[in-house]
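For the sequence shown, the positions run 1 to 233 when our numbering is used. Single-structure report; data block below.
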Amino acid sequence: MSSAPTPEQLASLWAFARGDTAPIEFEAWLLTQAGLEEPLGNALHWDLTSSRYDQREEVWRLRGALAEKLQQLSTCACPSIRNLDAIDMGGEPDADGHFRSDRVFASLEQAVAFGPDKYWLSISRCGTCQTVWLIAQEERVFDVFFVQRIGEAELAKARAGHWPERFLTYEDVLIVGNILRRPCRFLDPMAGSLQWTVKDLLVERPTISVGEIGKLLGLTGEHARDLVRKARA
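Structural data, given as structure tokens:
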């Protein structure tokens, strides 16, 4: 029976595999670790310790190979999720016919929701590994769940009414969206999803400019101006 990495080693391996640790930092850490040959396999361990971490394509390949191996050692999807990540609603199913969102949310249990004023915002905890996630459900512009790892302290504060700053405004949700994804394209330039979003942005921050709205929604200045004019009519 093969040995397993320590929880600390597993966390560091996953952090590199999902892209939360810089390649050179991971290489330096890996070379100080003992006992990983058996759980990772000699071939993968040799590959990880002898490859060029200053080559982007090589790093991409190593991350993929390591993630594939680590999946076999994990009992939930949480370790594969970046500290700040986007989980598509739907998308391409895997070989088993499941969407990534199915696997991610299969083990998550909602701990607290903000309520109607910020209907998109909630916090869930994984019933398997106990990781706590701040979640923004964005169905209008990106069709994505945006998630961020947080701790028990942040959860306790949220339950007391003091939520993390992240995702606290719809504008911030869209800012994160533009970092991690590209906005959807709409066949209808006056789609309800666009109109509702523009209205919400104007209510949240009345001084927001047409240019800022256009950038958040991936629209031309003229298109954004038409939406703002309609929202203010």
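Note that CB positions come from ideal geometry on N, CA and C, so glycine has one too. Fair warning: this is a prediction, and the values are worked out from it, not measured in the lab.
The alpha carbon of Gln137 has as its nearest neighbour, out of Arg149, Ile123 and Ile150, the alpha carbon of Ile123.
Counting along the chain, Trp133 sits inside the beta strand (DSSP E) bounded by residues Val132 to Glu138. Around the beta carbon of Leu31, fewer than 16 other beta carbons sit within 10 angstroms, so the residue counts as exposed. Taking one beta carbon from each stretch, the segment 77–90 and the segment 100–117 have 3 or more pairs nearer than 8 Å; the two touch. Assigned with DSSP and collapsed to three states, Ser107 falls in coil, not helix or strand. By the Cβ-count criterion, Ser12 is buried, with 16 or more other Cβ atoms from all chains shown falling within 10 Å of its own Cβ.
The straight-line gap separating the alpha-carbon atoms of Leu66 and Arg181 is approximately 24 Å.
Boundaries cannot be given for Ser3, as no beta strand (DSSP E) includes it and DSSP labels it neither H nor E. In the DSSP secondary-structure assignment, Ala86 is bridged to Phe146. Collapsing the DSSP output to three states places Arg125 in a strand.
When secondary structure is reduced to three states using DSSP, Ala22 falls in the coil class, being assigned neither helix nor strand. Uninterrupted beta strand (DSSP E) stretches at least 3 residues long and entirely within the segment 50–98 occur at 84–88, given in chain order.
Per the coordinates, the alpha-carbon of Gly127 lies some 14 Å from the alpha-carbon of Glu152. With respect to the C-alpha of Phe16, the residue from Ala233, Arg82, Val147 and Gly177 having the closest C-alpha is Arg82.
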